[in-house]
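In what follows, a structure is listed as structure tokens, so that the remarks can point back to it.
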Amino acid sequence: MIHASPPASRFRTLLATVVVSLLVGGASVVTAMPALADEPVGGPAVTVTEVPAGGGTVTVTGSGFAVPAPGIYLSLGPVGLAGFYAGSASLIGETAVIVPAADGTFSQTMTVPASQDGGYAFYTSRAHGAGLSDPSMNTATTVTFAAAPDPEPTDEPTAEPTAEPTAEPTAAPAPVPTVSVTKSTGLNAAGETITVTGAGFVPSAPATDGTRPPLQGAFAGTYVAFGKFADVWQPSVEADGAARATDAANTKWAVPAESMTLPGMAGRSIELKADGSFAITMTVKKGFDKEPATGNYGIYTYSGGGAKYAGFETMTPIAFAAPAPVPTVSVTKSTGLNAAGETITVTGAGFVPSAPATDGTRPPLQGAFAGTYVAFGKFADVWQPSVEADGAARATDAANTKWAVPAESMTLPGMAGRSIELKADGSFAITMTVKKGFDKEPATGNYGIYTYSGGGAKYAGFETMTPIAFAAPAPVPTVSVTKSTGLNAAGETITVTGAGFVPSAPATDGTRPPLQGAFAGTYVAFGKFADVWQPSVEADGAARATDAANTKWAVPAESMTLPGMAGRSIELKADGSFAITMTVKKGFDKEPATGNYGIYTYSGGGAKYAGFETMTPIAFAASDPNPPVAETGSLNWGVSKSFRDYVTGPIAHGRIVVSGSATAVNGSFSFAQSGGTFDPSTGTGAALYSGTMRFIGHDGALDLSFANPMIRFDSATKATLIVFINGVSVEYATIDLTPKSQVLRAAATATTNVFRLENAKVVLTAAGSAAMDGFYPAGTVLDSMDLTVGAPSVKPDPTPKPDPTPKPDPMPVPPTTPTTGNGGNQPQLQSGSLTWGVSSAFRNYITGTIAHGSISVSGGATSGDEAYRFGQSGGSYNAAAQTGEGNYAGAVRFTGHGGVLDLTFANPTVRIDSPAAATLVVSVNGSRTDLGRVDIAGNGALRDGAFTVTDAAVTVTAAGATAFNGFYSAGAALSPLSFTIGANGAAPAGSTGTVSTASFVGPKPAVEQPAVSAAAGCTVSAATLDWGFKEGFRSYLTSAIANGDWELGAGTTYANGAFSWTGGTGTYDAQAETGLVSFVGDIRFTGHEGILDTKIANPRIEFVDAATAYLVFDVTGNTQMGEAVNAADVRFVQLDLAAAPPMIADGAGTESTQTVTLTAVPTTLTDAGVAAFGTYPAGEEFDPVSATFELDSACAQALAVPTSDMQVEAKAGTTAVDPASSTSPMSWILWAVIGVLLAVVLVLLVLLRRRAVASRAVASN
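In mature numbering (1 follows the signal peptide of the UniProt record, and there is no 0), the protein residues as written are -37 to -1, 1 to 1224.
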């Protein structure tokens, strides 16, 4: 029995219900507001759809997130956290990494568990630690849960007795509810938006009244839902609620506007207008949350609030399009591929999203469609990620592996260069060059083009394998010649052709530059070889005597442009064929007495592949007792009359000297032919001439030698003049052959074609202009040339090299009895000597596999125990003043790179500057140079008048760095030095002549010289550097997100938020504000379970100008995106010196040094830093830099350049003098123009600089 409550009790019950409802509704309103403390006005905003009552998926949308990089983090946590990073330990579930759209918006599906005490909120912040220093993207948004539905009533309410109504006028019938959708068939199963409209949903009380709050007893409207319902689903027939499977994200309650404000209705209701109509937009898709296996897709309506009115029960069926196509892959060619490499095109179709299976599980596409990898490789039989096959089963060729993703994903961090476009229809296309023997190819497996889901997804539908097969092995190499017997011993031209010389990696790959690790082709040589000559059986190089003029290196066309390949290489075509014309003869240069004449081939670049080793024998005819006499060749040229006049005129006060096979006649220079041939049928060939002309002026500052010119006939109309200028080969000028060239037959008895050219136009090239230091611009017309290409009449002269034993500089004549400063008679002095090894690294470089050089001593010097010894030739030591000077005689010469490197250190002097320091002065290629600083503090010993220092430390000076051509930077340590200043005497016993040399098999590839790395300026000492990298990154790295740390290498320390380095060295020019200060040490950053592993090493401060400097590092390891990096000399951050300029002041307690100080200089990440490190965009602020270093204050003083008149001399055949060693052979031009003003200008600059420095120091204080 149901008891009715008294009226007062009923009122109190109703009042309590209203109060509770208001309190619950009020709480919902309050907690639905985002945390105002984290959300700036006008900044980012986040909204979250209502969470189903028992938990489920929601859609999180954002706006105002203008963050192109590094994106934002989005994660769920309890309400009340201090922020994403501060509360990272309490975050729940997955963390999404989101890159907002260009308009700052995003939409992300997330999962929320069932409600808990205190509630949940979504938190955002800038990703990868950026939010630690920049909170502008921080938000906190509380989620709301849908009200739990009341259980369906089990008992029908007792029917109230109704009285028979009195007769009323008949009303018009109520409209029949109807529903329509904008599209109902062919819908995209992955999701498509439709609009649903309804009409006729008007009240029909009491059938349409709700039976439970909040609309109990009132018109309860209708539910509008997309779902997959059972055949019988209607509440009016008491169908179970399980028959109505709705998509929570697309279910709304249509009620009158006044009911939408009731507690619990916010976010879940839409307006049902008074005329019974409504409209709603839905995105419907297959596979919604908790979708049943069976049922009928449709848009359903039925009474809300527990009502069971059959009139509102409608079903509008919808149908999705057929399933996405099955992914397929095709290739343009799949069989008979060239094992050495062949290009194919790979196309794919049907690779469309199938969320969530195709969504990535890791950045940068975590939670988004991650496309597919497309790779050529050699995989195991079971390789698919979907069956958890190990990654080792998928051996891919890194050069032919790409990530196919939608166009918008190609711009994400880390995707550049590794991604291709996957179009919206699921198609892609890529060109690959596939070959056997790719890097890290396994011994077993199946070649094929493979696809599989990217970004960590494991979707079986994307896993395809398209097999490919390579052709049979390459053919056996063969060689043929147009004539092989009865050849003219004086010289006959033959054509040599080869076939089948195709790559067989790695056996045919070079083992040394310039083709180390790449296909190195084959040498093709005419020669006289021993019976056993093959490199593959380790035959000595002496067994292969080749004719240098008829030895070429056959390599692919793309390798012919590498350094050192010009003039020595011919093309080896892709099919393994080559062709070359040779003029072979008996008696070639350095021909051995015994051996076998033939055309030989063998692998280039140090490879030892037996397959390329062939020998095609050739035989010469018997010698003619009366051989024809061919006309000899010559070259006549005056370079430039204006240049000759300048050298011998009143400015340079110089002379011109000819030597070797050159002569001087009437202002022109004549060179005799020493080799070469010319083919009149093609107009090509080369002619070599012998001799040297040397231009000397400006008291030796100008010293320019033109030696052994060569004419290379490039075509019938053009030739190139190549000259050795100071020992370096230069393509100096072009020669016009068109107006006066002619080919004449020599005397009837001769067999050599003679080419004559008269008054040919000669035009300076850019390289020629540079060799003359810009004295003439490129395009200048020089003196015309006459030449004859005929028979050689002289042997080639050696290319001039600096004098290996330069004469010692004039020294003061030592006293008959050396003194020590005390004036007393001294015992017989010990003989003086100097012992020094220069540098073990430099010695090893010279005689190693790169320079392939040698070391020799001369002029009285000896060698032993890896050091060079020099006897004293003069000097003395003053014991009272603790100063002095020791002069020593002899030379050590370092040569390498086929003569390109030629460095002679002669007649060293040790100048004692103080009790603690000395200077090592050496004649470097004839020029006296302060080569090194010698630390003698506490080292010297005085015994019987002789001063001895043992194993003193030597460091390179700035001038020494220049002399070493940058092989060593200023401040670098050299070998220790021992010396005695005593009586003159010979060097200690040891080896003489060539004391070290390199062995080499086969032709020597050209190797570039070490690059110059040090700047000019004053020597830097006691340098320090303090830099915190980036505070936000350090905090992020050690947070619970990255779970990382850093490791410090030797030379690096950390304290108080800064990494520090000390003991830096280098150079700095305080006037130009340029320089380079280098430190030793490294920092290794690790995190994300090893994905991030980046090392920055060996910091350098590179001063560019008054406003700009860079912090330079070597960067290796893996970036935060897992990409490998190995980059040297990276300008990592830029220093804004304009904002915080260097301050210069006298050193503490002394006037002999100046201290340069950098304080909190702002820094920003460079493009190069982004490429090497990632994580942040270019221009991102990093921590400021502070540094100090000391300079020798005397360094800034101007150095006067003495000049004197020189006897002008223009005489043929005189002996060559010591060559100048300036790295710029024409630097005398500048002196000639401004020499008179230089001293005055420098004095003014010093005075102005000191005044500026003083002003800056005052401002600093």
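Glycine included, C-beta positions come from ideal geometry on N, C-alpha and C.
Exercise. How many Å lie between T407 and G400 at the Cα?
Worked result: Here residue 407 corresponds to residue number 444 of the sequence shown, with the count starting at 1. Here residue 400 corresponds to residue number 437 of the sequence shown, with the count starting at 1. T407 and G400: Cα-Cα distance of roughly 12 Å.
Exercise. Is the distance from the Cβ of G330 to the Cβ of G323 below 8 Å?
Worked result: Along the sequence shown, one-based indexing puts residue 330 at 367. Along the sequence shown, one-based indexing puts residue 323 at 360. Yes. Within cutoff.
For this session: Taking the CB atoms as reference points, tell me whether L651 and F658 lie closer together than 8 Å.
Result: Residue numbering aside, residue 651 sits at position 688 when the sequence shown is read from its first letter. Residue numbering aside, residue 658 sits at position 695 when the sequence shown is read from its first letter. Their beta carbons are not under 8 Å apart, which means L651 does not touch F658 by this criterion.
Problem set entry | Cβ shell of A1090 (< 6 Å), same chain only, five flanking positions each side left out | As a working note, residue 1090 is residue 1127 in the sequence shown. In its chain, beyond the 5 residues on either side, V1078 and A1135 have a beta carbon closer than 6 Å to the beta carbon of A1090.
Problem set entry | Same chain, Cβ closer than 7 Å to S692, five either side skipped, listed in chain order | As a working note, residue 692 is residue 729 in the sequence shown. Contacts found: I685.
For this session: Identify whether K604 lies in helix, strand or coil by the three-state DSSP scheme.
Result: In the sequence shown, counting from the first residue as 1, residue 604 sits at position 641. Residue state, collapsed to three classes: helix.
Exercise. Since N259 sits in a beta bridge, which residues does DSSP pair it with?
Worked result: Here residue 259 corresponds to residue number 296 of the sequence shown, with the count starting at 1. DSSP lists F192 as partners of N259.
Problem set entry | Cβ-based burial, Q479 [other Cβ within 10 Å; buried from 16] | Against the sequence shown, residue 479 aligns to sequence position 516. The residue in question, Q479, is exposed, as its Cβ has fewer than 16 Cβ neighbours within 10 Å.
For this session: Would you decide whether D907 is buried or exposed? Buried here means 16 or more other CB atoms lie within 10 Å of its CB.
Result: The residue you call residue 907 lines up with position 944 of the sequence shown. Its Cβ having fewer than 16 others within 10 Å, D907 is exposed.
For this session: Could you pull the start and end residues of the beta strand (DSSP E) that I55 belongs to?
Result: By one-based count along the sequence shown, residue 55 stands at place 92. Note, I55: beta strand (DSSP E), I55 to I61.
Problem set entry | Identity of the residue in F868, H860 and N151 nearest D388 by Cα | By one-based count along the sequence shown, residue 388 stands at place 425. Comparing Cα-Cα distances from D388 to each of F868, H860 and N151, the minimum goes to N151.
Exercise. Taking Cβ positions, are T264 and Y336 nearer each other than 8 Å?
Worked result: As a first step, residue 264 is located in the sequence shown; it is residue number 301 there, counting from the start. As a first step, residue 336 is located in the sequence shown; it is residue number 373 there, counting from the start. Not closer than 8 Å, so no.
For this session: Mind the definition here: the stretch 535 to 547 touches the stretch 447 to 464 only if three or more C-beta pairs lie below 8 Å; say whether that holds.
Result: Segments in contact, yes.
For this session: Give the single residue among T485, F489, S447 and V350 whose Cα lies nearest to the Cα of K421.
Result: For the purposes of this step, residue 421 is identified with residue 458 of the sequence shown, where counting begins at 1. If we check each option's Cα against that of K421, V350 comes out closest.
Problem set entry | Nonlocal neighbours in the same chain, by C-beta distance under 7 Å from S998, ignoring five residues either side | In the sequence shown, residue 998 corresponds to position 1035, counting from 1. Listed in chain order, the non-local C-beta contacts of S998 below 7 Å within the same chain comprise G92 and L95, local neighbours out to five positions each way being set aside.
Exercise. Excluding five sequence neighbours on each side, which residues of the same chain lie with their C-beta closer than 6 Å to the C-beta of S143?
Worked result: The residue given as residue 143 occupies position 180 in the sequence shown. If we look at S143 and ignore the five residues flanking it on each side, its Cβ neighbours are T160.
Exercise. Counting pairs of beta carbons, one from the stretch 1117 to 1135 and one from the stretch 1144 to 1158, are three or more of them closer than 8 Å?
Worked result: Put simply, the stretch 1117 to 1135 touches the stretch 1144 to 1158. At least three CB pairs are less than 8 Å apart.
For this session: Would you mind working out which of A483, Y1073, E1086 and I1107 sits nearest Q1097, comparing C-alpha positions?
Result: Counting from one through the sequence shown, the residue named residue 1097 turns up at place 1134. Considering only alpha carbons, the answer is Y1073.
Problem set entry | Cβ-based burial, T758 [other Cβ within 10 Å; buried from 16] | On the sequence shown, position 795 is the one that residue 758 refers to. One detail in the question is off: residue 758 reads as Lys in this sequence, not Thr. Under the 10 Å beta carbon count, K758 is surrounded by fewer than 16 other beta carbons and is classified as exposed.
Problem set entry | For N559: DSSP bridge partner residues | For this step, residue 559 is matched to residue 596 along the sequence shown. In DSSP, N559 forms a bridge with F492.
For this session: Using beta-carbon positions only, say whether Y831 and V855 come within less than 8 Å of one another.
Result: The residue labelled residue 831 in the question sits at position 868 within the sequence shown. The residue labelled residue 855 in the question sits at position 892 within the sequence shown. For Y831 and V855, yes; Cβs fall inside 8 Å.
Exercise. Unbroken alpha helix (DSSP H) runs of length 4 or more, entirely within the stretch 401 to 433: which are they?
Worked result: none
Exercise. So, is L905 buried or exposed, given that buried needs 16 or more other C-beta atoms within 10 angstroms?
Worked result: For this step, residue 905 is matched to residue 942 along the sequence shown. Exposed, because fewer than 16 other Cβ atoms sit within 10 Å of the Cβ of L905.
Exercise. For S932, which beta-bridge partners are listed by DSSP?
Worked result: In the sequence shown, counting from the first residue as 1, residue 932 sits at position 969. Paired residues: none, contrary to the question.
Exercise. So, A649 versus R618, is the Cβ gap smaller than 8 Å?
Worked result: In the sequence shown, residue 649 corresponds to position 686, counting from 1. In the sequence shown, residue 618 corresponds to position 655, counting from 1. Judged by beta-carbon spacing, R618 lies beyond the 8 Å limit of A649, meaning their Cβ atoms are not closer than that value.
For this session: Out of V495, T957 and M73, state which residue places its alpha-carbon closest to the alpha-carbon of A573.
Result: Taking the first residue of the sequence shown as position 1, residue 573 is located at position 610. Of the listed residues, the one whose Cα sits closest to A573 is V495.
For this session: For V970, count neighbouring Cβ atoms within 10 angstroms of its own Cβ and tell me buried if that reaches 16, exposed if not.
Result: The residue given as residue 970 occupies position 1007 in the sequence shown. Since pLDDT at V970 reaches only 32, below the 50 mark, its modelled position is unreliable, and the value read off the structure follows with that caveat. It is buried - the Cβ of V970 has at least 16 other Cβ atoms within 10 Å.
Problem set entry | Buried or exposed by the 16-neighbour rule on C-beta atoms within 10 Å, applied to K296 | Your numbering for residue 296 matches position 333 in the sequence shown. The residue in question, K296, is exposed, as its Cβ has fewer than 16 Cβ neighbours within 10 Å.
For this session: Compute the beta-carbon to beta-carbon distance between G558 and G601, rounded to the nearest angstrom, for a pair I have assumed lies under 8 Å.
Result: Reading the sequence shown from its first residue, position 595 is the one you call residue 558. Reading the sequence shown from its first residue, position 638 is the one you call residue 601. About 45 Å separates the two Cβ atoms, so there is no contact after all.
Exercise. Does the Cβ of T308 have 16 or more other Cβ atoms within 10 Å, making it buried, or fewer, making it exposed?
Worked result: The residue given as residue 308 occupies position 345 in the sequence shown. When all chains shown are included, T308 counts as exposed.
Exercise. Which two residues bound the contiguous beta strand (DSSP E) that contains T882?
Worked result: Residue 882 sits at position 919 when you count from the first residue of the sequence shown. Note, T882: beta strand (DSSP E), A880 to V887.
Exercise. Can you round the beta-carbon distance between V14 and E155 to whole angstroms, since I take them to be within the 8 Å contact cut?
Worked result: Position 51 of the sequence shown, counted from the first residue, corresponds to residue 14. Position 192 of the sequence shown, counted from the first residue, corresponds to residue 155. In fact, because the Cβ distance is near 24 Å, the residues do not count as touching under 8 Å.
Exercise. Does the Cβ of P1062 have 16 or more other Cβ atoms within 10 Å, making it buried, or fewer, making it exposed?
Worked result: Taking the first residue of the sequence shown as position 1, residue 1062 is located at position 1099. So P1062 counts as buried.
Exercise. How should V9 be labelled, buried or exposed, when 16 other C-beta atoms within 10 angstroms of its C-beta is the threshold for buried?
Worked result: Locating residue 9 in the sequence shown gives position 46, counting from the first residue. Buried is the call here.
Exercise. Roughly how many whole angstroms lie between the Cα atoms of A1131 and R1094?
Worked result: Translated into the one-based positions of the sequence shown, residue 1131 becomes position 1168. Translated into the one-based positions of the sequence shown, residue 1094 becomes position 1131. Cα to Cα, A1131 sits roughly 6 Å from R1094.
For this session: State the DSSP-derived secondary structure class of residue 1262, mapped to helix, strand or coil.
Result: Here the chain has residues from -37 to 1224 only, and residue 1262 is not among them.
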